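Asker: Please see the structure below; I have some questions.
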Amino acid sequence: MTVRVKRTFEFDAPGERVWEFIADPAKRAGAISVVDRFDVADDGRHATWYLELPIPLVRSTVTVETEDIEVDEPTHVKFVGKSRVMRVTGEHTIEEHDGGSRLVNEFIVDGRLPGVEAFFERNLDRELDNLEAALRREFEATA
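One rule links them: number in our numbering = place in the sequence shown (from 1) + 47.
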């Protein structure tokens, strides 16, 4: 089973400010609650996420190797993450909107172990709420 979620956020901030956050693999990873820690490669396009998933068959930290596979600065980034338990694809597109910006987020999670899809089906919306909250905090902190 594959879990797909698409959510759109609207901000008063210009698209360039949204891009500063969303193009940064560390900021994206830091907004996700199940990412316990992460490392970003020197090239800025590769990162390793260390996930703590509360799933019975997953008893250890899950390592997800991510790569930004499409970057169209300053409006679009797509990444793929691969691990032994899942494959995740995330896509973020920034559009100008009413003097501010709109961020369209699309995620696809393909689980490779029982329980992975169910976990993300229950929690992916909450993780997107976390991403939105992190963006809003970033804009408030730099206002």
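By construction, the Cβ of each residue, glycine as well, lies at the ideal position given by its N, Cα and C atoms. Just so we're clear, the structure is a prediction, and the values are computed from it rather than from any experiment.
#1: Have a look at glycine 147 and leucine 182 and give me their C-alpha separation to the nearest angstrom.
#2: Please report how far the alpha carbon of arginine 131 lies from the alpha carbon of aspartate 145, in whole angstroms.
#3: So, helix, strand or coil for aspartate 176, using DSSP?
#4: Measure the C-alpha to C-alpha separation of valine 109 and tyrosine 97 and round it to an integer number of angstroms.
#5: Let's see if you can read the secondary structure: which residues bound the alpha helix (DSSP H) around alanine 70?
#6: So is alanine 165 buried or exposed if we call it buried at 16+ other beta carbons inside 10 Å?
#7: What would DSSP say about alanine 165, mapped onto helix, strand or coil?
#8: Since glutamate 114 and arginine 92 are thought to touch, with beta carbons under 8 Å apart, how far apart are those beta carbons, to the nearest angstrom?
#9: Examine the Cβ distances between the region 54-67 and the region 148-163 and report whether three or more of them are shorter than 8 Å.
Answerer: So, to answer that:
#1: Between glycine 147 and leucine 182, the C-alpha separation is close to 14 Å.
#2: Answer to the nearest angstrom: the Cα atoms are 43 Å apart.
#3: If DSSP states are grouped into helix, strand and coil, aspartate 176 belongs with the helices.
#4: 6 Å
#5: Per DSSP, alanine 70 belongs to no alpha helix (DSSP H) and is neither H nor E.
#6: Answer is exposed; the Cβ neighbour count stays below 16.
#7: helix
#8: 6 Å
#9: Contact holds: three or more Cβ-Cβ distances are below 8 Å.
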